[in-house]
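Q: If you number the sequence shown the way the working numbering does, the last residue is 295 and the count never jumps.
I am attaching a structure below and will ask some questions about it afterwards.
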Amino acid sequence: MNLPAFFEEDRAAVDAALERLMPKENAQPPSIHRAMRYSVQAGGKRVRPILCLESARIFSADVTPALPVACALEFIHTYSLIHDDLPALDNDDLRRGKPTCHKKFGEATAILAGDALLTLAFETLANAPIEPARRVAILSHVAASAGTVNGMVGGQVADLEAEGRSIEPAELEYIHRSKTAALIRASVVAGAISGGADEENVARLKRFGETIGWAFQVVDDILDVEESSATLGKTAGKDAAQKKATYPALYGLEQSRKFAQELESRAMAEIEPYGPRAARLRELTELIVHRRA
Ligand code: FPP
Ligand code: MG
């Protein structure tokens, strides 16, 4: 996939900031820091931090204060992948083309590395160089989005409980919007607040983030059917094998693709008022819907 230059630039800035914000590998006790660093540096696309930076850029030319916020979202995302891959959850050996954290470091260390990344995320947010009222608003929104009420953990619970049985469309929507869309929405909202957006604009970007986040998981479901493990860097075809609740399972591939495109149009409509200032968010939206991995 041809990535736009800004994407690579943002990714490099995020990678450097992640490196700076993580405890050094030789900090005591080194085993946990090695595991945290291994998973954070395993080659993720950095979609959430880049969405955060580009949402901030709509409102501010200097997005450096948003960098730690962007990193906190990647820490939370990485914790969720480490825990999702554990034997008690999705039980996977491969992630981002490498052995999963528990395969490499053992289950106890992987559980603790996830816990540590979640904690580090909130420490990083608390220390972000952003005006206190805005910082608290970011903390509150990110915490809720990672939590149980319409948040990531709640969605993950519903996802596990839906395995192996047929579900209604409303339940599938709830799973996708909570498990995946909530953290993507939080990335966009946190970026907008960091950049100085007012309430009306935060609300607009919240709708945008919610919609692309939903599209992200619909596309993820489609890719699990269409792509190989080598392309995805994780075990392909797993949703069907585990009898997961997915869009292709409920509606078929064709309808799922159409739905992802409809969500793309809805998201684009939300950021239309920003004109050229949202050019990068438009490109990101396209990338999310048309990605192959
Ligand atoms: C792939 O992201 C990840 C998702 C589509 C999210 C799936 C949701 C979970 C795993 C929630 C788990 C929650 C808990 C509490 C365990 P990506 O394609 O951006 O991955 P990358 O960072 O490797 O590129
Ligand atoms: Mg899962």
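Where a beta carbon is used, it is the ideal one built from N, C-alpha and C, also for glycine.
Check Arg279 in the structure and name its three-state DSSP category.
A: What you label residue 279 is simply residue 277 of the sequence shown in a count that begins at 1. In this structure, Arg279 counts as helix in the three-state DSSP scheme.
Q: Could you give the DSSP three-state label for Leu96: helix, strand or coil?
A: If you number the sequence shown from 1, residue 96 lands on position 94. The answer is strand: DSSP assigns Leu96 an E or B state.
Q: Can you tell me which residues form a DSSP beta bridge with Pro296?
A: Any answer about residue 296 is impossible in this case: the structure gives the chain only from 3 up to 295.
Q: Fully enclosed by the segment 178 to 234, which alpha helix (DSSP H) runs are 4 residues long or longer?
A: Segments of the alpha helix (DSSP H) lying fully in the segment 178 to 234: 184 to 197, 201 to 228 and 231 to 234.
Q: For Leu96, verify whether its CB is less than 7 Å away from any heavy atom of the ligand MG.
A: Within the sequence shown, the letter at position 94 stands for residue 96. Every heavy atom of the ligand MG is 7 Å or more from the Cβ of Leu96, so no.
Q: Using only the heavy atoms of the ligand MG, determine whether one of them is closer than 7 Å to the beta carbon of Leu91.
A: Reading the sequence shown from its first residue, position 89 is the one you call residue 91. Yes, since a heavy atom of the ligand MG falls inside the 7 Å radius drawn around the Cβ of Leu91.
Q: Are the beta-carbon atoms of Arg279 and Glu56 separated by less than 8 Å?
A: Taking the first residue of the sequence shown as position 1, residue 279 is located at position 277. Taking the first residue of the sequence shown as position 1, residue 56 is located at position 54. Taking 8 Å as the Cβ cut-off, Arg279 and Glu56 do not qualify as a contacting pair.
Q: What would DSSP say about Gly166, mapped onto helix, strand or coil?
A: Position 164 of the sequence shown, counting from 1, holds the residue named residue 166. It is coil, neither helix nor strand.
Q: With distances taken from CA atoms, which of Ile140, Pro70, Arg98 and Leu127 is nearest Tyr40?
A: Counted from its first residue, the sequence shown places residue 40 at position 38. Closest option to Tyr40, Cα to Cα, is Arg98.
Q: With a cut-off of 8 Å, do at least 3 Cβ pairs link the segment 222 to 234 to the segment 84 to 91?
A: The segment 222 to 234, when compared against the segment 84 to 91, does not touch it at the 8 Å Cβ threshold.
Q: In or out: Lys26 buried (at least 16 other Cβ within 10 Å) or exposed?
A: By one-based count along the sequence shown, residue 26 stands at place 24. Exposed, by the Cβ-count rule.
Q: Below 8 Å between beta carbons: does that hold for His143 and Ala194?
A: Position 141 of the sequence shown, counted from the start, is the residue given in the question as residue 143. Position 192 of the sequence shown, counted from the start, is the residue given in the question as residue 194. Not a contact, by the Cβ cut-off of 8 Å.
Q: On a CA-only basis, which of Asp95, Pro171, Thr248 and Ala72 is nearest Ala192? Give me that one, please.
A: Residue numbering aside, residue 192 sits at position 190 when the sequence shown is read from its first letter. Minimum Cα distance to Ala192 is reached at Ala72.
Q: Could you check whether the Cβ of Glu109 sits closer than 8 Å to any Cβ belonging to chain C?
A: Considering every chain present, this structure includes no chain C. It has just one protein chain.
Q: Helix, strand or coil: which one does DSSP assign to Thr150?
A: The count along the sequence shown starts at 1 and reaches residue 150 at position 148. Three-state result, Thr150: coil.
Q: Kindly indicate which residue of Asp223, Ile214 and Ile132 has the alpha-carbon position closest to the one of Ala68.
A: Start at 1 with the first residue of the sequence shown, and residue 68 comes out as number 66. The residue with the shortest Cα to Cα distance from Ala68 is Ile132.
Q: Mind checking which residues open and close the alpha helix (DSSP H) that includes Ser57?
A: Within the sequence shown, numbered from 1, the residue matching residue 57 stands at position 55. Residues Val49 to Arg59.
Q: Quick check on DSSP: helix, strand or coil for Ser267?
A: As a first step, residue 267 must be located in the sequence shown, where it is residue number 265. DSSP places Ser267 in helix when its eight states are reduced to three.
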